[in-house]
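**Student:** Structure incoming, see below.
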Amino acid sequence: MTGPTSPIWHPFTQHALAPEPPLIARGEGAWLETDKGQRLLDAISSWWVITHGHRHPKIVAAIKAQADRLDQVIFAGYTHQPAEDVARGLIEIAPPGLAHVFFSDSGSTAVEVALKMALGYWRGAAKPRHRIIALEHAYHGDTIGAMAAGARGVFNAAYEPLLFAVERLPFPRGDGADTLAALERLAPEAAALIVEPLLLGAGGMLTYAPDVLARMKEICEKHGTLLIADEVLTGFGRTGTLLACRQAGISPDILCLAKGLTGGALPLAATLATEEIFAAHYSPDRRRTFFHSSSFTANPIACAAARANLDIWKSEPVAQRIVDLSAAQAERLDSFRDDRRFSGLRRIGTVTALDLNVPDPGYLAGAGLELGRLFFEQGVLLRPLGNTIYVMPPYCVIPSELDLVYDAIRAAAEKFL
Ligand SMILES: *Cc1c(COP(=O)(O)O)cnc(C)c1O
Numbered sequence: 006m007t008g009p010t011s012p013i014w015h016p017f018t019q020h021a022l023a024p025e026p027p028l029i030a031r032g033e034g035a036w037l038e039t040d041k042g043q044r045l046l047d048a049i050s051s052w053w054v055i056t057h058g059h060r061h062p063k064i065v066a067a068i069k070a071q072a073d074r075l076d077q078v079i080f081a082g083y084t085h086q087p088a089e090d091v092a093r094g095l096i097e098i099a100p101p102g103l104a105h106v107f108f109s110d111s112g113s114t115a116v117e118v119a120l121k122m123a124l125g126y127w128r129g130a131a132k133p134r135h136r137i138i139a140l141e142h143a144y145h146g147d148t149i150g151a152m153a154a155g156a157r158g159v160f161n162a163a164y165e166p167l168l169f170a171v172e173r174l175p176f177p178r179g180d181g182a183d184t185l186a187a188l189e190r191l192a193p194e195a196a197a198l199i200v201e202p203l204l205l206g207a208g209g210m211l212t213y214a215p216d217v218l219a220r221m222k223e224i225c226e227k228h229g230t231l232l233i234a235d236e237v238l239t240g241f242g243r244t245g246t247l248l249a250c251r252q253a254g255i256s257p258d259i260l261c262l263a264k265g266l267t268g269g270a271l272p273l274a275a276t277l278a279t280e281e282i283f284a285a286h287y288s289p290d291r292r293r294t295f296f297h298s299s300s301f302t303a304n305p306i307a308c309a310a311a312r313a314n315l316d317i318w319k320s321e322p323v324a325q326r327i328v329d330l331s332a333a334q335a336e337r338l339d340s341f342r343d344d345r346r347f348s349g350l351r352r353i354g355t356v357t358a359l360d361l362n363v364p365d366p367g368y369l370a371g372a373g374l375e376l377g378r379l380f381f382e383q384g385v386l387l388r389p390l391g392n393t394i395y396v397m398p399p400y401c402v403i404p405s406e407l408d409l410v411y412d413a414i415r416a417a418a419e420k421f422l
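Residue numbering for the sequence shown follows this note's numbering, beginning at 6 and increasing consecutively.
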């Protein structure tokens, strides 16, 4: 086997097995186009980030205008208007109680910031706590702290010696009784519970009920345990509401946002925290400063894109688009109900998932890669998680385009099984 012709080392890619990646030259709406002119329907929103569609005109215009004004500035001791506007806009859309916004540049970092805020909060307490509770099958990112909170497996086995111990709750099934009982037992000693509200993405597009999330919040509150909502994926409409927390009627103590924050155009993340958490770091004593930064914290161009995104949510019928897309998705998923080649049909908001009944469904068995190739040949970008095929399109996708996606899923099953 010859080596790759490009020096690029791609993410989550086994270069000894992967074919040469297609070169994507353009994107517009729900579509991508290769340098050879092949059109590709982006059915996973370019790894879950694109919300309204590629190159939304208002976001593109905001980026261009900001690039002409200010590209980057240190954010310690200085501020700028796009960041001020985004911070106020986020407080406006966030559940009540979240009062402060810390900017960073990826979902993983937003989670690291959340964990550090939680520990910082407890450090000043009479009885400090440092244990973190997380869900089975969780995914919170690929930096060391975020990996520690996430599920253990083949993805992080090599780094296991560096990962801190986390208390693990069983994934909530049905009324979540086992999960809640475990939380009730662990919460009194824990600094924080971190969860992906309602939808566990990388863990296999697994969903659980809003009632369970509401009960988790109750238990945390009773024991003074902080609740960190990782809405990096679920934020900005994926689950049917702007934030998934809303469906449970809860306010977390810390909220992580990234992916859809700029509509998916540029990297930007935010970690929102309550007054109490901010207050625990507010002191004439410099040692209590929140010691975190990255060079591009609150980059002005990324913030301008985020400001445009927040404006789109206000000025365009995004909520209605999401309702319509959710219904269209439900209808198409339903057409697989009697198809014995698939199982585990599930949907939340705009996201559907189903499992192809292959003999070896493990991630390492490579069914996902092979399926991805079959989808590509049919002009659809899908990237199954093992044998789990999921559809997470941008909100501009139209019903006939969705049909292409589900036709491709049927055709791939035909070829694969
Ligand atoms: C993608 C994701 C992250 C990590 O975000 P990056 O921007 O890729 O670092 C964290 N949490 C959840 C729930 C995610 O889906």
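Just so it is clear, CB atoms sit at the ideal spot from N, CA and C, and this is done for glycine as well. Only a predicted model underlies this, so the values are computations on that prediction, with no experimental measurement involved.
List the endpoints of the continuous beta strand (DSSP E) containing residue 1.
**Tutor:** Because the chain here runs from 6 to 422, residue 1 falls outside it and cannot be looked at.
**Student:** Just reading off the alpha helix (DSSP H) that residue 225 is part of, what are its end residues?
**Tutor:** Taking the sequence shown and counting its residues from 1, one reaches residue 225 at position 220. Segment 215-228, the alpha helix (DSSP H) holding residue 225.
**Student:** What are the uninterrupted segments assigned as alpha helix (DSSP H) that are 4 or more residues long and contained completely in the stretch 146-171, given in chain order?
**Tutor:** List check, alpha helix (DSSP H) in window: 149-154.
**Student:** Take residue 14 and list the residues in its own chain whose beta-carbon comes closer than 8 Å to its own, dropping the five residues that flank it on each side.
**Tutor:** Position 9 of the sequence shown holds residue 14. Excluding residues within five positions, the ones whose Cβ falls inside 8 Å are 20.
**Student:** Quick one: is residue 181 buried, meaning 16 or more other Cβ sit within 10 Å of its Cβ, or exposed?
**Tutor:** By 1-based counting over the sequence shown, the position of residue 181 is 176. When all chains shown are included, residue 181 counts as buried.
**Student:** Does DSSP put residue 261 in a helix, in a strand, or in coil?
**Tutor:** By 1-based counting over the sequence shown, the position of residue 261 is 256. In the structure shown, residue 261 sits in a strand (DSSP, three-state: E or B).
**Student:** Suppose the cutoff is 6 Å on Cβ atoms and the five residues either side in sequence are ignored; what does the same chain contact list for residue 389 look like?
**Tutor:** As a first step, residue 389 must be located in the sequence shown, where it is residue number 384. Answer for residue 389: 373, 376, listed in chain order.
**Student:** DSSP three-state label for residue 173, please.
**Tutor:** One-based indexing of the sequence shown puts residue 173 at position 168. Reduced to three states, the DSSP call for residue 173 is strand.
**Student:** Buried or exposed for residue 272, please, with buried defined as at least 16 other CB atoms from any protein chain shown within 10 angstroms of its CB.
**Tutor:** The residue given as residue 272 occupies position 267 in the sequence shown. Per the 10 Å Cβ criterion, buried.
**Student:** With a threshold of 6 Å (Cβ to nearest heavy atom), would residue 141 be considered close to ligand 1?
**Tutor:** The sequence position of residue 141 within the sequence shown is 136, counting from 1. No; taking the cut-off as 6 Å, the Cβ of residue 141 has no heavy atom of ligand 1 nearer than that.
**Student:** Measure the alpha-carbon distance for residue 328 versus residue 288 and round it to whole angstroms.
**Tutor:** Residue mapping note: residue 328 aligns to position 323 of the sequence shown, counting from 1. Residue mapping note: residue 288 aligns to position 283 of the sequence shown, counting from 1. Residue 328 and residue 288: Cα-Cα distance of roughly 46 Å.
**Student:** Quick one, which of 257, 151, 365 has its alpha-carbon nearest residue 226's?
**Tutor:** Counting from one through the sequence shown, the residue named residue 226 turns up at place 221. That would be 257, whose Cα lies nearest to the Cα of residue 226.
**Student:** For residue 115, I'd like the list of residues in its chain whose CB is within less than 7 Å of its CB, leaving aside the five on either flank, ordered along the chain.
**Tutor:** Here residue 115 is taken as the residue at index 110 of the sequence shown, counted from 1. Closer than 7 Å at the Cβ level, and outside the excluded window around residue 115, lie 109, 237, 261, 262, 263, 274, 275, 276.
**Student:** Just reading off the alpha helix (DSSP H) that residue 402 is part of, what are its end residues?
**Tutor:** What you label residue 402 is simply residue 397 of the sequence shown in a count that begins at 1. No alpha helix (DSSP H) contains residue 402, which DSSP labels as neither H nor E.
**Student:** Determine the extent of the beta strand (DSSP E) in which residue 76 is found, giving its start and end residues.
**Tutor:** Taking the sequence shown and counting its residues from 1, the one referred to as residue 76 is at position 71. Unbroken run through residue 76: none, as it is neither H nor E.
**Student:** To which residues of the same chain is residue 385 closer than 8 Å at the C-beta, ignoring the five residues directly before and after it?
**Tutor:** Taking the first residue of the sequence shown as position 1, residue 385 is located at position 380. So the list reads 45, 46, 48, 409, 410, 413, once near-sequence residues are dropped.
**Student:** Using a Cβ-Cβ cut-off of 8 Å (strictly less than) and excluding sequence neighbours within five positions of residue 33, which residues of its own chain qualify?
**Tutor:** Counted from its first residue, the sequence shown places residue 33 at position 28. If we look at residue 33 and ignore the five residues flanking it on each side, its Cβ neighbours are 58, 59, 60.
**Student:** According to DSSP, is residue 6 part of a helix, a strand, or is it coil?
**Tutor:** Locating residue 6 in the sequence shown gives position 1, counting from the first residue. Unreliable placement is indicated for residue 6, whose pLDDT of 46 sits below 50; the coordinate value is still reported in the next sentence. If DSSP states are grouped into helix, strand and coil, residue 6 belongs with coil.
**Student:** Can residue 165 be considered in contact with ligand 1, in the sense that its beta carbon sits closer than 6 Å to one or more heavy atoms?
**Tutor:** For the purposes of this step, residue 165 is identified with residue 160 of the sequence shown, where counting begins at 1. No, since every heavy atom of ligand 1 falls outside the 6 Å radius drawn around the Cβ of residue 165.
**Student:** I need the straight-line Cα distance from residue 254 to residue 140, nearest angstrom please.
**Tutor:** Residue numbering aside, residue 254 sits at position 249 when the sequence shown is read from its first letter. Residue numbering aside, residue 140 sits at position 135 when the sequence shown is read from its first letter. Looking at the two C-alpha atoms, the distance is approximately 20 Å.
**Student:** Is the beta carbon of residue 300 within less than 6 Å of some heavy atom of ligand 1?
**Tutor:** What you label residue 300 is simply residue 295 of the sequence shown in a count that begins at 1. Residue 300 Cβ: outside cutoff for every heavy atom of ligand 1.
**Student:** Between the C-alpha atoms of residue 298 and residue 422, what's the straight-line distance to the nearest angstrom?
**Tutor:** The sequence position of residue 298 within the sequence shown is 293, counting from 1. The sequence position of residue 422 within the sequence shown is 417, counting from 1. So the alpha carbons of these two residues sit roughly 49 Å apart.
**Student:** Can you name the residues that DSSP bridges to residue 29?
**Tutor:** Mapped onto the sequence shown, residue 29 falls at position 24. Note: residue 29 sits in a beta bridge opposite 39.
**Student:** Nearer than 6 Å: is that true of the beta carbon of residue 61 relative to any heavy atom of ligand 1?
**Tutor:** Looking up residue 61 in the sequence shown gives position 56. No.
**Student:** Within 8 Å, do at least three Cβ pairs link the stretch 203-215 to the stretch 163-175?
**Tutor:** Too few Cβ pairs lie closer than 8 Å, so no.
**Student:** Please go through the same chain and pick out, in chain order, the residues whose beta-carbon is closer than 7 Å to the beta-carbon of residue 306, but skip the five residues on each side of it.
**Tutor:** As a working mapping, residue 306 is identified with position 301 in the sequence shown. Excluding sequence neighbours, residue 306 sits near 68, 71, 72, 76, 271.
**Student:** Could you tell me the alpha carbon to alpha carbon distance between residue 249 and residue 185, rounded to whole angstroms?
**Tutor:** Taking the sequence shown and counting its residues from 1, one reaches residue 249 at position 244. Taking the sequence shown and counting its residues from 1, one reaches residue 185 at position 180. Going by the C-alpha atoms only, they are around 19 Å apart.
**Student:** Please report how far the alpha carbon of residue 354 lies from the alpha carbon of residue 308, in whole angstroms.
**Tutor:** For the purposes of this step, residue 354 is taken as residue 349 along the sequence shown, with counting starting at 1. For the purposes of this step, residue 308 is taken as residue 303 along the sequence shown, with counting starting at 1. Taking the straight line joining both Cα atoms gives about 27 Å.
**Student:** Could you work out which residue in 148, 194, 268 is closest to residue 310 when comparing CA atoms only?
**Tutor:** For the purposes of this step, residue 310 is identified with residue 305 of the sequence shown, where counting begins at 1. Ranking the options by Cα distance to residue 310, first place goes to 268.
**Student:** I need the straight-line Cα distance from residue 135 to residue 63, nearest angstrom please.
**Tutor:** Stepping through the sequence shown from its first residue, residue 135 is reached at position 130. Stepping through the sequence shown from its first residue, residue 63 is reached at position 58. Their backbone Cα atoms lie some 43 Å apart in a straight line.
**Student:** Please state the DSSP three-state secondary structure of residue 360.
**Tutor:** Mapped onto the sequence shown, residue 360 falls at position 355. Three-state result, residue 360: strand.
**Student:** Under three-state DSSP, which class holds residue 291?
**Tutor:** Start at 1 with the first residue of the sequence shown, and residue 291 comes out as number 286. Helix.
**Student:** State yes or no: is the C-beta of residue 286 within less than 7 Å of the C-beta of residue 102?
**Tutor:** Within the sequence shown, numbered from 1, the residue matching residue 286 stands at position 281. Within the sequence shown, numbered from 1, the residue matching residue 102 stands at position 97. No; because the gap between Cβ atoms is not below 7 Å, this pair is not in contact.
**Student:** Secondary structure at residue 109, three-state DSSP: helix, strand or coil?
**Tutor:** Position 104 of the sequence shown holds residue 109. Residue 109: strand per DSSP, three-state reduction.
**Student:** If you measure between the beta carbons of residue 55 and residue 399, is that distance less than 7 Å?
**Tutor:** Taking the sequence shown and counting its residues from 1, one reaches residue 55 at position 50. Taking the sequence shown and counting its residues from 1, one reaches residue 399 at position 394. Yes, the Cβ-Cβ distance between residue 55 and residue 399 is below 7 Å.
**Student:** Where does residue 113 land, buried or exposed, given buried means 16+ other C-beta within 10 angstroms?
**Tutor:** Counting from one through the sequence shown, the residue named residue 113 turns up at place 108. That one is buried.
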